[in-house]
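Asks: For the sequence shown, the positions run 1 to 321 when the UniProt record's numbering is used.
Think of the CB as a built atom: it goes at the ideal place given N, C-alpha and C, for glycine as much as any other residue.
Bear in mind the structure is a predicted one, so any value in this text is a computation, not a measurement.
Shown below is the structure under consideration.
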Amino acid sequence: MTKAVNMLSILWLLKTGNKITAKQLAEKLEINIRTVYRYIDTLCASGVPIIADAGHNGGYSLLHEFVEAPLFFDHDEQKALIHAARFAKEAGYPFSEVLEGAVSKLKMYTNPEQLERINKHLSGFDVIQAPVNHSLESTLKEIEVSVAEGHSLLMEYTKGNESVSQSRKIDPYGLVYWKGKWYVVAYCQLRLEIRSFRVDRIVKLSRTELTFKRPLNFSARTFFLSGLLPNSNEQEKLIPVCVQGKMHALDELCQHWLFGHALIDRTKNQASFKLDEHSIRTFVPYFLLPYGKSITILEPSFLKEKLVDVASGLVEHYKNF
Numbered sequence: 001m002t003k004a005v006n007m008l009s010i011l012w013l014l015k016t017g018n019k020i021t022a023k024q025l026a027e028k029l030e031i032n033i034r035t036v037y038r039y040i041d042t043l044c045a046s047g048v049p050i051i052a053d054a055g056h057n058g059g060y061s062l063l064h065e066f067v068e069a070p071l072f073f074d075h076d077e078q079k080a081l082i083h084a085a086r087f088a089k090e091a092g093y094p095f096s097e098v099l100e101g102a103v104s105k106l107k108m109y110t111n112p113e114q115l116e117r118i119n120k121h122l123s124g125f126d127v128i129q130a131p132v133n134h135s136l137e138s139t140l141k142e143i144e145v146s147v148a149e150g151h152s153l154l155m156e157y158t159k160g161n162e163s164v165s166q167s168r169k170i171d172p173y174g175l176v177y178w179k180g181k182w183y184v185v186a187y188c189q190l191r192l193e194i195r196s197f198r199v200d201r202i203v204k205l206s207r208t209e210l211t212f213k214r215p216l217n218f219s220a221r222t223f224f225l226s227g228l229l230p231n232s233n234e235q236e237k238l239i240p241v242c243v244q245g246k247m248h249a250l251d252e253l254c255q256h257w258l259f260g261h262a263l264i265d266r267t268k269n270q271a272s273f274k275l276d277e278h279s280i281r282t283f284v285p286y287f288l289l290p291y292g293k294s295i296t297i298l299e300p301s302f303l304k305e306k307l308v309d310v311a312s313g314l315v316e317h318y319k320n321f
């Protein structure tokens, strides 16, 4: 067996709660006793609280509190989990308290050296925390529970700048976080179709006694993004967009939510996409403007003209400001 497998085997044998000697571990795993000592040292260095008792009835055992602790993570995994917890809290994640508890437990079972490295790294990692909206948080929790249990919801919902709310019954299929806002994807019993609703526009929410079954293999995120992207089923109506530029700029552009889905071909200094005309004439120029001279539009010509109009308008705006 590999070193990793042997170390995990030692960990699980110790998690039984019984003391076990190095000799017994060596016999069970069919390895040399000196190898057992090395593995024990490595586990201790990883933050596993192993107790070594000498004497006739001695042996190795785990600290009692560690029996129900999660498996240990390496330094990068710990950083990623703690960063994710910070982002989730800032986004208004409905179970942020539970997530913070999990992070506290994770940090509890790191050794001092690991904890020092994590804290040192996090000292330079700041997330701007918006004021906690307790109403939004409770709404998100209610939706999350209803999604899991399959209960329909009755909500009072406002559209855009409208002040009058409208009553709707929905079957919530999932939550999506997009550009700083939470959306619930649900079957609207008023419109008789699946739609997305901004959670912060829900004025009032209550659970009903009605139940529903979510469509098999339904993805709330896929449905939500499909409403943002051009209709790729009408390929003959899509227009080629060819962009030349520096590699780092093209890399970033191809990771954009719109261009990434429309990518057709990519070389070191050039990328080709297919987009619908409406998108090209409206918001695409505004997406491309921040790249400045690091990219050049090769086609279509009307996109270049539109980009010139947008840039010229910006110049005139500040000239007259």
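Going by beta carbon distance, what residues of the same chain come within less than 6 angstroms of Phe212, once the five residues before and after it are set aside?
Replies: Within the sequence shown, residue 212 is the residue found at index 212, counting from 1. Around Phe212: Gly150, Ser152 and Asp171.
Asks: Helix, strand or coil for Asp309? Go by DSSP, reduced to three states.
Replies: Here residue 309 is taken as the residue at index 309 of the sequence shown, counted from 1. Correct three-state label for Asp309: helix.
Asks: Would you report the Cα separation of Asn32 and Pro49, rounded to the nearest angstrom?
Replies: Counted from its first residue, the sequence shown places residue 32 at position 32. Counted from its first residue, the sequence shown places residue 49 at position 49. Taking the straight line joining both Cα atoms gives about 23 angstroms.
Asks: Between Asp41, Leu175 and Ala22, which has its C-alpha nearest Arg221's C-alpha?
Replies: Walking along the sequence shown from the start, residue 221 turns up at place 221. Nearest C-alpha to Arg221: Leu175.
Asks: Looking only at its own chain, which residues have a Cβ that is under 8 angstroms from the Cβ of Leu13, when we skip the five neighbours before and after it?
Replies: Your numbering for residue 13 matches position 13 in the sequence shown. Once the five neighbours on either side are set aside, the close Cβ partners of Leu13 are Ile20, Leu25 and Lys28.
Asks: Report the rounded CA-to-CA distance for Ala85 versus Tyr157, giving the unit in angstroms.
Replies: Taking the first residue of the sequence shown as 1, we reach residue 85 at position 85. Taking the first residue of the sequence shown as 1, we reach residue 157 at position 157. Their Cα atoms are separated by approximately 30 angstroms.
Asks: In three-state DSSP terms, what is Val147?
Replies: Against the sequence shown, residue 147 aligns to sequence position 147. Looking at Val147 - three-state DSSP - the assignment turns out to be helix.
Asks: Would Leu216 and Leu275 qualify as a contact pair, given that the criterion is a beta-carbon distance under 8 angstroms?
Replies: Mapped onto the sequence shown, residue 216 falls at position 216. Mapped onto the sequence shown, residue 275 falls at position 275. No; because the gap between Cβ atoms is not below 8 angstroms, this pair is not in contact.
Asks: Count the CB pairs spanning the region 256 to 265 and the region 292 to 309 that are closer than 8 angstroms, and state whether there are at least three.
Replies: Judged by Cβ distances under 8 angstroms, the region 256 to 265 makes no contact with the region 292 to 309, as fewer than three pairs qualify.
Asks: According to DSSP, simplified to helix, strand and coil, what is Gly260?
Replies: By 1-based counting over the sequence shown, the position of residue 260 is 260. If DSSP states are grouped into helix, strand and coil, Gly260 belongs with the helices.
Asks: Could you pull the start and end residues of the alpha helix (DSSP H) that Gln24 belongs to?
Replies: On the sequence shown, position 24 is the one that residue 24 refers to. From DSSP, the alpha helix (DSSP H) with Gln24 extends over Ala22 to Leu29.
Asks: What did DSSP end up calling Leu81 once you bin it into helix, strand or coil?
Replies: Locating residue 81 in the sequence shown gives position 81, counting from the first residue. Helix, per DSSP.
Asks: Taking just the CA atoms, how far does Ile82 sit from Gln255?
Replies: Walking along the sequence shown from the start, residue 255 turns up at place 255. Walking along the sequence shown from the start, residue 82 turns up at place 82. If you take the alpha carbons of Gln255 and Ile82, they lie about 24 angstroms apart.
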